[in-house]
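Novice: At the far end of the sequence shown sits residue 93, using full-length UniProt numbering, and the numbering has no gaps. Beta carbons: idealized from backbone N, C-alpha and C, even for Gly.
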Amino acid sequence: MNLPALSKSGYKKHEHKLLKVVTDVAEDSMCKAAKEVAETFNRDECGVSVDGTGQRRGHTSLNGCVAVLSIDTGKVLDLDVMTSYLQKTTKNA
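1) Let me confirm a value: Ser70 is counted as buried when at least 16 other C-beta atoms fall within 10 Å, else exposed. Which label applies?
2) By DSSP, does Gly74 sit in helix, in strand, or in coil?
3) Among Asp44, Thr73 and Arg43, which has the Cα closest to the Cα of Ala33?
4) Do Met82 and Gly58 come within 8 Å of each other at the CB atom, strictly closer than that value?
5) Could you give the DSSP three-state label for Leu69: helix, strand or coil?
6) Tell me the rounded alpha-carbon separation between Asp28 and Thr60.
7) Excluding sequence positions up to five away, which residues of its chain have a Cβ less than 6 Å from the Cβ of Val68?
8) Nearest CA to the CA of Gly52: which residue from Asn42, Val66 and His16?
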């Protein structure tokens, strides 16, 4: 297609925009799921299932995530991504 490669700064800019949109959509979806549980079952508390994973086995992983799912609906109520990786700050980041 003879298109030039995307520059690193251009890629980072698009990546940042995409992250914002994905984060907003995920938060809205989880809020709707929590409201659905509260309205459907007429209660503020519900049973949940919590599951997590790491990039590596054992306790040596630097990256991982934890999800909280409603037992009643099976929908994700909360999600947390954790990392121990410290990104180097730059002027153009």
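Specialist: So, to answer that:
1) For this step, residue 70 is matched to residue 70 along the sequence shown. Label assigned to Ser70: buried.
2) As a position in the sequence shown, residue 74 is number 74, starting the count at 1. Of the three classes helix, strand and coil, the one that applies to Gly74 here is coil, per DSSP.
3) For the purposes of this step, residue 33 is taken as the residue at position 33 of the sequence shown. The residue with the shortest Cα to Cα distance from Ala33 is Thr73.
4) Residue mapping note: residue 58 aligns to position 58 of the sequence shown, counting from 1. Residue mapping note: residue 82 aligns to position 82 of the sequence shown, counting from 1. No, the pair does not count as a contact, with Cβ atoms beyond the cut-off.
5) One-based indexing of the sequence shown puts residue 69 at position 69. The answer is strand: DSSP assigns Leu69 an E or B state.
6) Within the sequence shown, residue 28 is the residue found at index 28, counting from 1. Within the sequence shown, residue 60 is the residue found at index 60, counting from 1. Straight-line Cα distance between these residues: approximately 32 Å.
7) The sequence position of residue 68 within the sequence shown is 68, counting from 1. Excluding residues within five positions, the ones whose Cβ falls inside 6 Å are Val48, Val50, Leu77 and Asp78.
8) Against the sequence shown, residue 52 aligns to sequence position 52. The shortest Cα separation from Gly52 among Asn42, Val66 and His16 belongs to Val66.
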